[in-house]
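*Asks:* Mind looking over this structure? Questions follow.
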Amino acid sequence: MAINKPNEVYWEEKVGFSEKAWVLLSIVACIVMFMVMVAWAIAGKQNPPNEAYRVSIPSFAERAEAFIEKYKVDEENGIPVVEAPEDEDSYLIARMFYFSPVLILKQNQTYRIRVSSLDVQHGLSIQPVNMNFQVVPGYEYVLTIKPTEKGEFLIVCNEYCGLAHHVMKGKIIVK
Amino acid sequence: MAEVLVEARTCPVTGLRVVKHAENLIKVNAVFAVLALLFGTIGAILIALTRWEAIHLLPTDLFYRMLTFHGMNMLVFWIVFFEGAGLVFASTIVLNARQVAPKLGYLAVILMILGFLLTNFIILTGDVNETAVMFTAYVPLKAHPLFYLGYILFAVGALIMCILFFLNVYNAKREGTYEGPVPLFTYGIAAAAVIAVFTLVHGALALGSAFLWSLGIIEVVDASLYRLLFWGFGHPAQQINLAAMVSVWYLLSYFTVGGVTPSEKVSRTAFLLYVLFINAGSAHHLLVDPGFGAPWKIFNTSYVIYMAVLASLIHCFAIPASAEIGQRKRGFNKGLFTWLIKAPWSNPAFSAFFISLVIFGFIGGASGVIMGVEQINMKLHNTLGVPGHFHGTVAAGTSLAFMGLAYYVVPLIFRREWLSKFWARIQPFLFGGGLFLMAVSMNTLGRLGIPRRVWETSALVVPYKELLQATLGIGAVVAFLGALVFILHTVLTIIFGKRVEGKPKFPEVVQVSNPDEKTSTPGTIVLAIIFFLYLAIMYTINWYWLSRVWEVR
Ligand code: HEM
Ligand SMILES: [Cu+2]
Ligand SMILES: [Cu+2]
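Chains A and B, in that order, give the protein sequences. Heads up: the first sequence begins at 1 in full-length UniProt numbering, then just goes up one per residue. Heads up: the second sequence begins at 1 in full-length UniProt numbering, then just goes up one per residue.
As structure tokens, then:
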């Protein structure tokens, strides 16, 4: 049938019962999936953050460096280690080819972490919890996040950012 | 009816009139499609054996170069050249019409070929920092200007092909070679062509601005705006592939088992839904991006995309149903599944059709619906789950369906008898089976957090990583063999195959007596219910996984 002319009045042909039922079932499934998404956005605990700002790269770098300076407690392989304050926003810099600083967080405490890139696009992938966000230069993404388990978590970059992309790492420590 | 003199022959199998310019355009497109597939396949095996870290074949630079090479040749060149052939076929031969403005057609193909050569040249020989940028080339990662230029030339050529498609259809009506509603195949391809027009406009905006930026003519391109525009091109482009593939499924169902569409009205409405609702599909690549709000994301991914999902669900019933009706009318009428068991599995066009249908639904479609949920996307964005998804859709789905069609294109258009029935018969099983294994492995690794597009992952400790990388690699090797068999067999047949005299001997084309007489389709109902339950279970499990991660808003 596919390459022949259809019946001239195909628009008036009756649709079979089983196909009609399938279409109805599909419509219901789509509506349900739509409502689940909206319901989770309202009541769910894991939603992609909504807060973001356009920034210039130097202004972000400046604020992030000041933050690191203020709360730095240690250094690890040349990367500053910072104890994130509870009442102030934290910063996380992504750049070729590392994340800085190492953030120390407390379990079940909510933090606002401002993330951006100083050069190209990167991917912020927290492992092994497996949560992933895009990091775009010129945009500051505010992640309001509450770690619910203790341990050391690896950040890997999962957006291709250059030939050393696979070595780009970072760390979050939850105490 | 105005008589227009055109050089043509009559196809002895389908009775269609094959006009010369159309035939040439189809041939050139098909040849370059196969060449691109060859390039893509060489890239495929190299990167797959690198991602299998026990083998870890390529050094870093070459891996990223080959990844770009594979992505461009497969996703852009192989698929679009083949669709170029489909556009010509659907608007001329199927409508018994001539090719309008053949010179413009040749110009379009030349632009596409130039773009294809230029991009591949620069990817293979350029400074790796400027050429291993992936087919997405996200700014501000800067590519070589020729990379963008090749991309743009190709896109402009493709755009002209689309415009010619509409002119052909219009002309067929005007000259009266075709009257009444167009056949379903042409209708589906028309849907693809409409989507293609606004898709390519987005592509021109994104790549055009990046091109000017790479030349230093404009200073900055906003990274986020680029992503929006790029995916306004990259996503609907997949919907073109989808519409083209679904059209090919209807066609193959008809050729191989005399398939009868259960309801033209429903199937055509589904194509219309694709056209109306897919333009905002860009959003589901941006679900965890800064700068786009939740209402925008949810509106586009749920309300809008689900209308397209609805369309796919409709085809997911109508297509197996069409095959079932065809088979039952051919006498395979016993029980629920005799029609399927006794189907012509030794006809590669049929096996390619059915395997691609199943893998598309269970691997590509299901994972796509899940990954497109705004919140669940946080667990899958940029993981190996993404290539896991699209090797189910555009590789095992679209590419295999196109290969299935090629089993008819070679004898009917190139007029050559296939050299080997054996290789033709096993090829779809190799390609489909291998990709199935590879995609399942990728999907699992992705859910465990392994990223896409990385050379090595030794820092990540993940259960069963070595095992899953091995199954990924083995699947890739099998799929590679399947692709290679297809390419070599096609090329050798076109060069050395016996000329077809009269009707080709293989594969068989089935004709059914009365297409208006339809049967019920109990087997398809059962298959559809199984698929529905599978989708519901996977969807629910993924929500459960999401509910276990840290709280974030
Ligand atoms: C011959 C069988 C194939 C094999 C073994 C294969 C294997 C792979 C592998 C291992 C990757 C890399 C995943 C990563 O590291 O992120 C990949 C990426 C990809 N493949 Fe395939 N593939 C095959 C066929 C295809 C086909 C037929 C298409 C499309 C029509 C396709 C489209 C892509 C695309 C678009 C990418 C992503 C490139 C990127 O991340 O920029 N592949 N493939
Ligand atoms: Cu990076
Ligand atoms: Cu990276």
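Beta carbons: idealized from backbone N, C-alpha and C, even for Gly.
What residues from chain B crowd round A/L154, counting only those whose CB sits closer than 8 angstroms?
*Replies:* Within the first sequence, the letter at position 154 stands for residue 154 of chain A. What A/L154 touches in chain B: A459, L460.
*Asks:* Is any heavy atom in ligand 2 found nearer than 8 angstroms to the beta carbon of A/E159?
*Replies:* As a first step, residue 159 of chain A must be located in the first sequence, where it is residue number 159. Yes, the beta carbon of A/E159 sits closer than 8 angstroms to at least one heavy atom of ligand 2.
*Asks:* Looking at chain B, is there any beta carbon in it that lies within less than 9 angstroms of the beta carbon of A/V102?
*Replies:* Along the first sequence, read from residue 1 onward, the residue named residue 102 of chain A stands at position 102. No, no contact with chain B.
*Asks:* Just list the beta strand (DSSP E) runs in the region 102-161 of chain B, keeping only unbroken ones of 3 residues or longer that don't cross its boundaries, in chain order.
*Replies:* none
*Asks:* To the nearest angstrom, report how far apart A/E75 and A/E152 are at their CA atoms.
*Replies:* The residue given as residue 75 of chain A occupies position 75 in the first sequence. The residue given as residue 152 of chain A occupies position 152 in the first sequence. About 16 angstroms.
*Asks:* Which chain A residues are close to B/K379, counting only those with a beta carbon under 8 angstroms from its beta carbon?
*Replies:* The sequence position of residue 379 of chain B within the second sequence is 379, counting from 1. Within chain A, the residues near B/K379 are N130, M131, N132.
*Asks:* Decide yes or no for the touch test of the region 471-478 of chain B against the region 416-434 of chain B: beta carbon pairs closer than 8 angstroms, at least 3 of them.
*Replies:* Verdict: yes, contact present.
*Asks:* In whole angstroms, what separates the C-alpha of A/D87 from that of A/L154?
*Replies:* As a working mapping, residue 87 of chain A is identified with position 87 in the first sequence. As a working mapping, residue 154 of chain A is identified with position 154 in the first sequence. Taking the straight line joining both Cα atoms gives about 24 angstroms.
*Asks:* Identify the residues that DSSP records as bridge partners of A/N132: which are they?
*Replies:* Counting from 1 along the first sequence, the entry for residue 132 of chain A is found at position 132. In the DSSP output, where bridge partners are listed per residue, A/N132 has A/S125.
*Asks:* For the candidate residues B/K20, B/L16, B/L124, whose alpha-carbon lies nearest to that of B/L95?
*Replies:* Mapped onto the second sequence, residue 95 of chain B falls at position 95. Out of B/K20, B/L16, B/L124, B/L16 has the C-alpha closest to the C-alpha of B/L95.
*Asks:* Buried or exposed: which applies to B/E3, given that a residue is buried once 16 or more other Cβ atoms fall within 10 Å of its Cβ?
*Replies:* Within the second sequence, the letter at position 3 stands for residue 3 of chain B. At B/E3 the pLDDT is 44, less than 50, meaning the model places this residue with poor confidence and gives no usable figure here.
*Asks:* Is there a Cβ of chain A sitting closer than 9 angstroms to that of B/E3, yes or no?
*Replies:* Here residue 3 of chain B corresponds to residue number 3 of the second sequence, with the count starting at 1. With a pLDDT of 44 at B/E3, under the threshold of 50, the predicted position of this residue should be treated as unreliable, and no value is reported.
*Asks:* Have a look at the DSSP bridge pairing and note the partners of B/A8.
*Replies:* Against the second sequence, residue 8 of chain B aligns to sequence position 8. B/A8 is bridged to B/V19.
*Asks:* Within 10 angstroms of its Cβ, does A/R54 collect 16 or more other Cβ (buried), or is it exposed?
*Replies:* On the first sequence, residue 54 of chain A is found 54 positions in, with the first residue counted as 1. Answer is exposed; the Cβ neighbour count stays below 16.
*Asks:* Note down, in chain order, all residues in the region 69-97 of chain A with a beta-carbon under 8 angstroms from any beta-carbon belonging to chain B.
*Replies:* Those residues of the region 69-97 of chain A placed with their C-beta closer than 8 angstroms to a C-beta in chain B do not exist.
*Asks:* For the region 17-41 of chain A, list every residue whose C-beta sits within 9 angstroms of some C-beta in chain B, in sequence order.
*Replies:* With the criterion set as a beta carbon lying under 9 angstroms from some beta carbon of chain B, the members of the region 17-41 of chain A are F17, S18, E19, K20, A21, W22, V23, L25, S26, I27, A29, C30, I31, M33, F34, M35, V36, M37, V38, W40, A41, in sequence order.
*Asks:* Do A/N47 and B/T383 have their C-beta atoms within less than 9 angstroms of each other?
*Replies:* Taking the first sequence and counting its residues from 1, one reaches residue 47 of chain A at position 47. Taking the second sequence and counting its residues from 1, one reaches residue 383 of chain B at position 383. No, Cβ-Cβ distance for A/N47 and B/T383 is not below 9 angstroms.
*Asks:* With a threshold of 9 angstroms between beta-carbons, can B/I314 be considered close to chain A, or not?
*Replies:* For the purposes of this step, residue 314 of chain B is taken as the residue at position 314 of the second sequence. Judged by the 9 angstroms Cβ criterion, B/I314 is in contact with chain A.
*Asks:* From the DSSP output, in three-state form, read off B/K498 for me.
*Replies:* Your numbering for residue 498 of chain B matches position 498 in the second sequence. Reduced to three states, the DSSP call for B/K498 is coil.
*Asks:* Tell me whether A/Y160 sits in a helix, a strand or coil according to DSSP, three-state version.
*Replies:* The residue given as residue 160 of chain A occupies position 160 in the first sequence. In the three-state reduction of the DSSP assignment, A/Y160 falls in the coil class.
*Asks:* Since B/H21 and B/G105 should fall inside the 8 angstroms C-beta cutoff, what is the C-beta to C-beta distance between them, to a whole number of angstroms?
*Replies:* For the purposes of this step, residue 21 of chain B is taken as the residue at position 21 of the second sequence. For the purposes of this step, residue 105 of chain B is taken as the residue at position 105 of the second sequence. At roughly 7 angstroms, the Cβ-Cβ gap stays under 8 angstroms, so B/H21 and B/G105 are in contact.
*Asks:* Would DSSP call A/Q109 helix, strand or coil?
*Replies:* As a first step, residue 109 of chain A is located in the first sequence; it is residue number 109 there, counting from the start. The three-state secondary structure of A/Q109, taken from DSSP, is coil.
*Asks:* Residue 556 of chain B CB to nearest chain A CB: under 9 angstroms?
*Replies:* Examination of residue 556 of chain B is not possible in this model, given that chain B is present from 1 through 553 alone.
*Asks:* Let me make sure I understand the geometry here. Which of B/L357, B/A352, B/G385 has the alpha-carbon closest to that of B/G368?
*Replies:* Taking the second sequence and counting its residues from 1, the one referred to as residue 368 of chain B is at position 368. The shortest C-alpha separation from B/G368 is found at B/G385.
*Asks:* If you draw a straight line from the C-alpha of A/A23 to the C-alpha of B/I530, how long is it?
*Replies:* Residue 23 of chain A sits at position 23 when you count from the first residue of the first sequence. Residue 530 of chain B sits at position 530 when you count from the first residue of the second sequence. Note that residue 23 of chain A is Val in the sequence shown, not Ala. Distance between the alpha carbons of A/V23 and B/I530 is about 15 angstroms.
*Asks:* Which residues in the same chain as B/I110 place their Cβ atom closer than 8 angstroms to its Cβ, once the five residues preceding and following it in sequence are excluded?
*Replies:* Residue 110 of chain B sits at position 110 when you count from the first residue of the second sequence. Cβ within range, chain order: G157.
*Asks:* Quick check: is any heavy atom of ligand 1 less than 8 angstroms from the C-beta of B/H381?
*Replies:* Position 381 of the second sequence holds residue 381 of chain B. No.
*Asks:* Name the chain A residues that come within less than 7 angstroms of B/Y106, Cβ to Cβ?
*Replies:* By one-based count along the second sequence, residue 106 of chain B stands at place 106. The contacting residues do not exist; B/Y106 stays about 25 angstroms from chain A at best.
*Asks:* At the 9 angstroms Cβ level, is A/A61 part of the contact set with chain B, yes or no?
*Replies:* For the purposes of this step, residue 61 of chain A is taken as the residue at position 61 of the first sequence. No, no contact with chain B.
*Asks:* List the residues of chain A whose Cβ lies closer than 7 angstroms to the Cβ of B/K265, in chain order.
*Replies:* Translated into the one-based positions of the second sequence, residue 265 of chain B becomes position 265. Under the 7 angstroms cutoff, chain A gives Y10, W11, E13, V15.
*Asks:* Quick one: what does DSSP say B/T383 is sitting in, helix, strand or coil?
*Replies:* For the purposes of this step, residue 383 of chain B is taken as residue 383 along the second sequence, with counting starting at 1. The answer is strand: DSSP assigns B/T383 an E or B state.
*Asks:* Compute the Euclidean distance between the alpha carbons of B/E324 and B/G188, then round it to the nearest angstrom.
*Replies:* Looking up residue 324 of chain B in the second sequence gives position 324. Looking up residue 188 of chain B in the second sequence gives position 188. The straight-line gap from Cα to Cα measures roughly 21 angstroms.
*Asks:* Out of A/E62, A/I27, A/A39, which one is the CA nearest neighbour of B/Y373?
*Replies:* Locating residue 373 of chain B in the second sequence gives position 373, counting from the first residue. One detail in the question is off: residue 373 of chain B reads as Val in this sequence, not Tyr. With distances taken between Cα atoms, B/V373 lies closest to A/A39.
*Asks:* Select from B/G392, B/F317, B/W78, B/E508 the residue whose C-alpha is nearest the C-alpha of B/M112.
*Replies:* Taking the first residue of the second sequence as position 1, residue 112 of chain B is located at position 112. For the residues B/G392, B/F317, B/W78, B/E508, the minimum Cα distance to B/M112 belongs to B/W78.
*Asks:* I want to check one thing, is the minimum distance from the CB of A/F133 to the heavy atoms of ligand 3 below 8 angstroms?
*Replies:* Start at 1 with the first residue of the first sequence, and residue 133 of chain A comes out as number 133. False, no ligand heavy atom lies under 8 angstroms from that Cβ.
*Asks:* Report whether the distance from the Cβ of B/R447 to the nearest heavy atom of ligand 1 is below 8 angstroms.
*Replies:* Counting from one through the second sequence, the residue named residue 447 of chain B turns up at place 447. Checking every heavy atom of ligand 1 against the Cβ of B/R447, none is found closer than 8 angstroms.
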